[in-house]
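In my numbering, the protein residues as written are 27 to 266.
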């Protein structure tokens with residue numbers, strides 16, 4: 027099964043080609059924020075280098091969230107379009123689960139997190155592929171409390187630069203063997219998305235939506251204006 031994977035969830039752009047769970051080829055552009063412009067050329071280049079076209083792909087996989095609101099929409103819209111037009115399979119993979127795969131094989135709890143500002147994080151904790159703290163939106167103190175309650179002795183924080191919170195993390199988890207990931211360990215690899223996509227459930231391209239883990243400002247404004255409770259994304263429509 028040939029899988030084309032996409033990540034536009036962070037400032038790094040990544041695309042990859044997998045044959046089942048084997049990585050064939052991957053491209054990563056670090057700190058590249060113009061995803062809407064560069065994604066399609068990167069995909070075209072990746073396919074050309076491997077003598078393939080889009081019709082040869084069996085499954086399209088994408089980091090479905092959390093992450094940059096705009097970035098997630100760019101990646102998911104592209105994957106949905108390919109899957110729908112070509113009548114191929116579409117799967118969405120947790121950004122945080124994919125980040126945790128940078129440490130596959132480590133005997134450690136992996137806390138994968140993306141900075142959501144003001145000491146808040148989109149975060150989840152993983153043992154291998156198993157989520158032991160569900161992906162969510164956490165204040166740092168809440169995240170440390172949940173990690174501290176787990177029996178794991180070795181803990182690795184990855185995804186965001188945690189160096190400015192190093193003292194607070196060390197104090198909150200004083201009984202743990204801690205490590206903060208550095209440099210390329212924090213990159214989100216589309217190849218990891220491809221490996222996870224092998225066993226991920228297939229989505230309906232018409233129904234797939236980003237998993238933001240937090241309401242957008244527009245949705246908050248809409249709820250405040252209308253007085254209605256949050257509902258499914260399909261209900262987020264204002265009559266004009």
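Glycine is no exception: its CB is placed at the ideal position from the N, C-alpha and C atoms.
Per the contact definition of three or more C-beta pairs closer than 8 Å, is the segment 77-84 in contact with the segment 51-61?
no
Using only alpha-carbon positions, find the residue among 153, 141, 57 and 59 that is nearest to residue 185.
141
Between which two residues does the beta strand (DSSP E) containing residue 117 stretch?
115-120
Is the Cβ-Cβ distance between residue 231 and residue 116 less than 9 Å?
yes
Kindly indicate the opening and closing residues of the alpha helix (DSSP H) around residue 189.
Here residue 189 belongs to no alpha helix (DSSP H), and DSSP marks it neither H nor E.
Can the beta-carbon of residue 65 be found less than 9 Å from the beta-carbon of residue 96?
no
Is residue 228 closer than 9 Å to residue 102 when the C-beta atoms are compared?
no
Given this structure, state the Cα-to-Cα distance separating residue 204 from residue 88, to the nearest angstrom.
30 Å
Just to confirm, are residue 44 and residue 226 a CB contact at a threshold of 9 Å?
no
In three-state DSSP terms, what is residue 244?
Note that residue 244 scores 49 on pLDDT, short of 50, meaning its location in the model is unreliable; the coordinates nonetheless yield the value given after this. In the structure shown, residue 244 sits in a helix (DSSP, three-state: H, G or I).
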